[in-house]
Amino acid sequence: MAGLDPAIHPQADLQVRPVTAIRPANPSDTPAILRLIRGLAEYERKLHQAIATEAEIHALLFGPRPHAFAALAEENSAAVGLILWYYTVGTFSGRLGLFVEDVFVEPPHRGKGIGLALFRHVAAVARTENCICMEWRVLHWNQSAIDFYRRLGATPLTEWQTMDLRGDALTALAEGTRDG
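Residue numbers (the numbering used here): 1267 to 1446.
This is how it looks when you write it as structure tokens:
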């Protein structure tokens, strides 16, 4: 039907279009989750830090005591996006918060509303769980993500600074060899 005017011949425009579905991740998704995490790490220029194994990701998400949760975006049954979150505690409010640790959509699938669909999915989870808020971090240089988050209605928490303790410093504090 090539060359036919779709306005006159609607069937001429029929194509197999990808269908995006957002669904909770399950244990068999662990390889895809790890692949998407590594894709995020590469995008963020932190691939050298992406050392998690399938077994570690599986334990975090699907072990006897899951510590985090994930949902996948699929097109034609292939995972093309990921959102991973966990709960925090709001002691001032006495309610849970929801922290988005990772959100990633593979580059060829961006601009299709998949990121928005992933955030809507997790926002619905936050409402169901009566969370006081959703929070996440974004790299300062990722202006397109910052703009997207602002369009969602998110605002930066400029009065807070994220602190990080790892490696030898974490060990020293735990062992009592660093007093501060």
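Backbone N, C-alpha and C fix where the C-beta goes; we use that ideal spot for every residue, glycine too.
Among the options, whose alpha-carbon lies nearest the alpha-carbon of residue i?
i       : options                            : result
Phe1335 : Glu1308, Arg1304, Phe1365, Leu1313 : Phe1365
Glu1395 : Arg1403, Ile1412, Gly1360, Trp1426 : Gly1360
Pro1290 : Glu1340, Thr1319, Arg1331, Glu1322 : Glu1340
Tyr1353 : Arg1417, Ala1435, Arg1393          : Arg1393
Val1388 : Thr1421, Ala1438, Trp1402          : Trp1402
Leu1405 : Leu1350, Gly1377, Glu1310, Leu1436 : Glu1310
Kindly indicate the opening and closing residues of the alpha helix (DSSP H) around residue i.
i       : result
Leu1384 : 1380–1394
Ile1303 : 1296–1309
Thr1443 : First-last for Thr1443: undefined, no H or E at that position.
With a 10 Å radius around its C-beta and 16 neighbouring C-beta atoms as the bar for buried, classify residue i as buried or exposed.
i       : result
Glu1441 : exposed
Gly1446 : exposed
Asp1430 : exposed
Asp1413 : exposed
Please state if the CB of residue j and the CB of residue i are separated by a distance shorter than 8 angstroms.
i       : j       : result
Ala1345 : Leu1313 : no
His1306 : Phe1370 : Looking at the sequence shown, residue 1306 is not His but Leu. Yes, the pair counts as a contact, with Cβ atoms nearer than the cut-off.
Cys1399 : Gly1363 : yes
His1324 : Pro1293 : yes
Phe1385 : Leu1418 : yes
Check the C-beta distance from residue i over to residue j and give it rounded, since I have them as a contact under 8 angstroms.
i       : j       : result
Ile1288 : Ala1337 : 6 angstroms
Pro1297 : Glu1320 : 6 angstroms
Glu1367 : Trp1351 : 6 angstroms
Which residues mark the beginning and the end of the beta strand (DSSP E) in which residue i is found?
i       : result
Leu1362 : 1361–1371
Ile1288 : 1286–1290
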